[in-house]
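To keep things clear, I will list the structure first and then write my remarks on it.
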Ligand SMILES: NC(=O)c1ccc[n+]([C@@H]2O[C@H](COP(=O)([O-])OP(=O)(O)OC[C@H]3O[C@@H](n4cnc5c(N)ncnc54)[C@H](O)[C@@H]3O)[C@@H](O)[C@H]2O)c1
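Numbering (our numbering), first residue to last: 1250 to 1591.
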């Protein structure tokens, strides 16, 4: 199979590249390396089935050709992370909406109808505070001040484009609403909580919990996420679907901090930082976010392989090795403990 991955040097995209190349598929990655890293794909550099282009999805001149070649396209290129969403509100809208539309237009113009897997987000549920979030619930966008909502708007627009191109031009779309995804290669500097907590715990520094820490999230290991996505794409075939992709175990951010400290056997304490200090005056946090996985399970029978503890243990091992490397001045290749055992 020919697979095109936009944003494939990023966190989730590079795991998708691993999955498909491991299976013998041909993979073409395009990424502008704004948050992605070429190092995430270093293990594939000599693989003749792998191709990489450093380019902006908005201007990439090989887009039409690459789309025409692909059987399946994962569209992940986007401006992501709370810090970037706050700092670059116009770029979020332009990249996320125009990038998706450009890709779908290229698929339509070529006449060849590849399957498109669109990376949407639990952010489309906005302030919805139901116990579990189901795909058939209404989506919501806050009317309060602040620009954080540009990201939700961009993902809702991408979903609408996906559905419209499917209906009008018969381009099949799997619209995957990712809930918090974690795992190896995720970086903390754009506002992701788990890598930040792990880095702090390993260094025995205070764990900074923004706000009271009562807000809850449900975290899914990226290695589960990419398996689920692939299964969904196979099951969907030429149909168009909107599906939550995540894990439904719910944990408060305070409990998460405690769990990371316990797993790392760290001497870290917990330090609360006011939300406005962390993100600025206008910031609104979401109180809870837990997916209903009924649709994912009914379609695929998917079962998670990674518990939160297992993922955190892997991340701690990777962070410790990185720290030792920096201290010793030499480089070691770290495979997560759970992969070595598997
Ligand atoms: N990680 C999560 O928990 C999560 C949750 C919901 C949705 N998502 C979505 O999943 C996708 C992947 O996210 P991720 O967590 O892997 O983040 P990431 O930042 O690691 O990946 C995004 C990739 O897109 C690339 N990119 C950005 N703008 C680009 C452009 N104009 N042209 C080409 N490449 C560009 C970046 O360099 C990066 O490699 C995104 O669409 C994101 O919105 C992720």
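Where a beta carbon is used, it is the ideal one built from N, C-alpha and C, also for glycine.
Take the alpha-carbon of residue 1428 and the one of residue 1570: they are about 28 Å apart. Assignment of residue 1493 by DSSP, reduced to helix, strand and coil, places it in the strand class. CA-to-CA, the gap between residue 1274 and residue 1296 works out to about 11 Å.
Secondary structure of residue 1278 (DSSP, three-state): strand. In this structure, residue 1326 and residue 1369 do not form a Cβ contact; the two beta carbons are roughly 13 Å apart against a cut-off of 8 Å. With respect to residue 1345, residue 1403 sits close: the two C-beta atoms are nearer than 8 Å. In the three-state scheme derived from DSSP, where H, G and I count as helix and E and B as strand, residue 1362 is classed as coil.
Judged by their CB atoms, residue 1405 and residue 1388 are nearer to each other than the 8 Å cut-off.
DSSP, reduced to helix, strand and coil, places residue 1457 within a strand of the structure shown. In terms of side-chain proximity, the C-beta atom of residue 1306 is found nearer than 7 Å to a non-hydrogen atom of ligand 1. The C-beta distance from residue 1359 to residue 1316 rounds to 6 Å, short enough to fall under 8 Å.
Under a 10 Å Cβ-count criterion, residue 1421 is classified as buried, with 16 or more other Cβ atoms of the shown protein chains found around its own Cβ. Of the candidates 1430, 1545, 1534, 1348, the residue whose Cα lies closest to the Cα of residue 1477 is 1545.
Your pair residue 1446 and residue 1505 checks out as a contact, with CB atoms roughly 7 Å apart and the cut at 8 Å.
Rounded to the nearest angstrom, the Cβ distance from residue 1251 to residue 1318 is 5 Å, consistent with a contact under 8 Å. Contact fails between the stretch 1449–1465 and the stretch 1328–1340, because fewer than three Cβ pairs, one in each stretch, are under 8 Å apart.
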